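Chemist: Residue numbers (the numbering used here): 17 to 541. This is the structure I have questions about; it appears just below.
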């Protein structure tokens, strides 16, 4: 699929997006390319025409017209009812529209490729309505709701291709796919800027996060739940949604975590509900609730914190109603403590479920994090995304120059600096190489850990402890000096799993040699 579905950005037609997602998964067994939204500057009777999809084989060019919603035809007029209930009338039906676009595309391609010998055809897809048989079209020229699966759409495409070859009546020479793409791609296939790709990826994250919630709905009737998953698995979203739903059912709910910064974000997320929300230290003396929800619970897995949490829910850990969301990977070395024995005891008194997908990070980020840290992040479902970039620095001044270059690159791609978090792996922000950068000196990069205080045109500089449990569209990691200690490894894991879109790392020569060895060969001290 060109361009990739995750880079579409906003698509006004839900029907087109649904068809695109299916088309991207179809495997026709031979080299085939599907082009989305091909504009035709020359058309028989339109100043400009746009083809929804064009499927290109070596021997076939198939124009696809998608019509969502309800269709009808009365007294020669076609009616189209959209998802908002608005009715539009046109004399030109979808089959005429597809045919005229096919002929316009055929003329344009044959003008550019005089020796072109392929079959041209069209297919009308109506995802929401079956049209039945009609003298205006052949069955092979139409695909309805029953074709809205990968397998059935595959069959519809093969059927349409065979039909147009039979109708042509002679064997074509073919072998034209490369030449066809050479003509078609330059007209519309542009490399999307990172800002444009962000829109498409962010749209997918919401949908994927909704799928995560489906995994816990089935066990929501249980009193005690431990939900595990790697960074980006959607645990915080589920913690918030669980708390909101319990409160909506009339229960008194406490939502808590260790980090005050994360607690502030959670508090905004449950605003307008009766959920009591705060960092654990902020809830001392609070009365016990009917339901306790704990996010980033691996930071609170020690005796003192567990005793305090026990007092925040009626019936305590033994017989109370609670939901605990935690990451089994080693994040506790960054902020908090993790008692393995206490965690196993908690698990023994609960229903345990694991979130198998990563819905925050793009697949390159997931792959690189797994290779570098050995952590299990689950299956990446957030889209392709840009490649992870590594840069080697000699000293702090060199790292600062590399960071300035990266921030300028992102600005040139229309990325607002406010969407960027610069994460230092050192203990304090003031010790970071980033403070030597021009961006920091000029105020385009500031020591601002609170994501709610977003300043357009200004990136924020944070430690791993400050960004833990939170995220950013784009992350630049600096001060990756060493990766061998448990604390270093945990900070590396936390920082690498924060970005929703892009990840860039400035790595010392020492750390790079350690990373090349792999996590299993690094000595942990």
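Note that beta-carbon positions come from the ideal geometry of N, C-alpha and C, so glycine has one too. Because the structure is a prediction, the values reported are computed rather than measured.
So is residue 360 buried or exposed if we call it buried at 16+ other beta carbons inside 10 Å?
Modeler: Looking at its Cβ environment, which holds fewer than 16 other Cβ atoms inside 10 Å, residue 360 is exposed.
Chemist: For the structure I just gave you, are there three or more beta carbon pairs, one from the stretch 238–256 and one from the stretch 455–465, closer than 8 angstroms?
Modeler: The stretch 238–256, when compared against the stretch 455–465, does not touch it at the 8 angstroms Cβ threshold.
Chemist: The beta strand (DSSP E) spanning residue 493 covers which residue range?
Modeler: Counting along the chain, the beta strand (DSSP E) containing residue 493 begins and ends at 488–496.
Chemist: Tell me which same chain residues have a C-beta within less than 6 angstroms of the C-beta of residue 258, skipping the five on either side of it?
Modeler: 309 and 339.
Chemist: Thinking residue 517 and residue 489 are a contact (beta carbons under 8 angstroms), I'd like their distance in whole angstroms, please.
Modeler: Confirmed, Cβ separation roughly 5 angstroms.
Chemist: Could you spell out where the beta strand (DSSP E) holding residue 520 opens and where it closes?
Modeler: Looking at the DSSP string, the run of the beta strand (DSSP E) that includes residue 520 is 515–524.
Chemist: Look up residue 54 in the DSSP assignment and say whether it is helix, strand or coil.
Modeler: Strand at residue 54.
Chemist: Between 485, 394, 47 and 494, which has its C-alpha nearest residue 420's C-alpha?
Modeler: Among 485, 394, 47 and 494, the Cα nearest to that of residue 420 belongs to 494.
Chemist: Could you give the DSSP three-state label for residue 262: helix, strand or coil?
Modeler: The answer is helix: DSSP assigns residue 262 an H, G or I state.
Chemist: Given a threshold of 16 other Cβ atoms within 10 Å of its Cβ, counted over all protein chains shown, does residue 470 qualify as buried or as exposed?
Modeler: Exposed is the call here.
Chemist: Quick check: what's the CA-CA separation for residue 64 versus residue 381?
Modeler: Any reading at residue 64 is ruled out, since the residue's pLDDT is 38, under 50, leaving its predicted position unreliable.
Chemist: Measure the alpha-carbon distance for residue 269 versus residue 409 and round it to whole angstroms.
Modeler: Spanning the two alpha carbons is a distance of roughly 49 angstroms.
Chemist: Is residue 341 buried or exposed, if buried means 16 or more other CB atoms sit within 10 Å of its CB?
Modeler: Residue 341 comes out buried.
Chemist: How far does the beta strand (DSSP E) with residue 454 in it extend, from its first residue to its last?
Modeler: Per DSSP, residue 454 belongs to no beta strand (DSSP E); it is in the alpha helix (DSSP H), 454–457.
Chemist: Just the Cα atoms here: how many angstroms apart are residue 164 and residue 18?
Modeler: The alpha-carbon atoms of residue 164 and residue 18 are separated by roughly 20 angstroms.
Chemist: Grouping DSSP H, G and I as helix and E and B as strand, with all else coil, what is residue 306?
Modeler: Residue 306 falls in the coil class under three-state DSSP.
Chemist: Would a C-beta distance cut-off of 7 angstroms place residue 317 and residue 358 closer than the cut-off?
Modeler: In this structure, residue 358 lies closer than 7 angstroms to residue 317 by Cβ.
Chemist: Using a Cβ-Cβ cut-off of 7 angstroms (strictly less than) and excluding sequence neighbours within five positions of residue 313, which residues of its own chain qualify?
Modeler: Closer than 7 angstroms at Cβ, skipping near neighbours: 340, 341 and 342.
Chemist: Would you kindly report the start and end of the unbroken alpha helix (DSSP H) that includes residue 181?
Modeler: Residues 166–184.
Chemist: Sorted by chain position, which residues of the same chain lie with C-beta nearer than 6 angstroms to residue 238's C-beta, five sequence neighbours on each side aside?
Modeler: Only 367 meet the Cβ criterion.
Chemist: Below 8 angstroms, how does it come out for the stretch 128–146 and the stretch 184–192: are there three or more Cβ pairs, yes or no?
Modeler: Verdict: yes, contact present.
Chemist: Considering only their Cβ atoms, is the gap separating residue 486 from residue 389 smaller than 7 angstroms?
Modeler: Contact: no.
Chemist: When you compare the CB positions of residue 106 and residue 142, do they come within less than 7 angstroms of one another, or not?
Modeler: Not a contact, by the Cβ cut-off of 7 angstroms.
Chemist: Helix, strand or coil for residue 125? Go by DSSP, reduced to three states.
Modeler: Correct three-state label for residue 125: helix.
Chemist: What is the rounded straight-line gap between the Cα of residue 324 and the Cα of residue 300?
Modeler: Each residue's alpha carbon lies about 8 angstroms from the other.
Chemist: From this set, 89, 113 and 73, which residue's C-alpha is nearest residue 51's C-alpha?
Modeler: The shortest C-alpha separation from residue 51 is found at 73.
Chemist: Nearest-angstrom Cα distance between residue 177 and residue 199?
Modeler: Residue 177 and residue 199: Cα-Cα distance of roughly 21 angstroms.
Chemist: My guess is that residue 69 and residue 80 are in contact by the Cβ rule of under 8 angstroms, so how many angstroms apart are they, rounded?
Modeler: Between residue 80 and residue 69 the Cβ distance is about 4 angstroms, and since that is below 8 angstroms, they are a contact.
Chemist: What separation, rounded to the nearest whole angstrom, lies between the Cα atoms of residue 534 and residue 527?
Modeler: Roughly 11 angstroms separates the two Cα atoms.
Chemist: Among residues of its own chain, excluding the 5 on either side of residue 402, which ones have a beta-carbon nearer than 6 angstroms to its beta-carbon?
Modeler: The residues are 518.
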